[in-house]
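In this note's numbering, the protein residues as written are 122 to 275.
Think of the CB as a built atom: it goes at the ideal place given N, C-alpha and C, for glycine as much as any other residue.
Predicted model, so just to flag it, every value in this text is computed and none were measured.
Shown next, in structure tokens, is the structure this report addresses.
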């Protein structure tokens, strides 16, 4: 009798303990809250260059496969690619058939240009490693587009 009672109490305690466990956490969403920026193309400067680029942001080192799947990331025509020198916008392009055709103007040669990508699906801005601005050059082509190296931070 004591054995059955002990077994019954043990089972009850185990069921209660199982019900008290923390529920698994939902994965943190990678979708941000940044609205589409109002970046605008600047006045033409004396110096210019062009960039034909594709955007492939590898977020697998920062986010889990579950988080990435939940975000359902895809590029759209509302995505933007822009070039900056500090806070000064040097050019803006929208995505067309997977490519960005970015015309960059600048007041001087040799400065580092930071490339930023706005994802309308993820509502987030990603920043690429800077590139040196060179007047009258073309970085990337339709057949071999430039692929910026992106930094992804939470």
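{"query": "Nearest candidate by alpha-carbon position, reference residue 154, set 175, 245, 202", "result": "245"}
{"query": "Boundaries of the beta strand (DSSP E) in which residue 237 is found, first to last residue", "result": "233–240"}
{"query": "Neighbourhood of residue 184 by C-beta, 7 Å cutoff - its chain only, sequence neighbours within 5 removed", "result": "151"}
{"query": "Coarse secondary structure for residue 127, derived from DSSP in three states", "result": "Caution is warranted here: a pLDDT of 48 is assigned to residue 127, below 50, making its placement in the model unreliable, and no coordinate value can be reported."}
{"query": "Limits of the unbroken beta strand (DSSP E) element including residue 250", "result": "Looking at the DSSP string, residue 250 is not in any beta strand (DSSP E), and its letter there is neither H nor E."}
{"query": "8 Å Cβ cutoff met for residue 200 and residue 240", "result": "yes"}
{"query": "Residue 271 versus residue 248: straight-line alpha-carbon distance, rounded", "result": "6 Å"}
{"query": "Rounded separation between residue 232 and residue 253 - CA only", "result": "6 Å"}
{"query": "Nearest residue (CA-CA) to residue 156, options 269, 260, 238, 256", "result": "238"}
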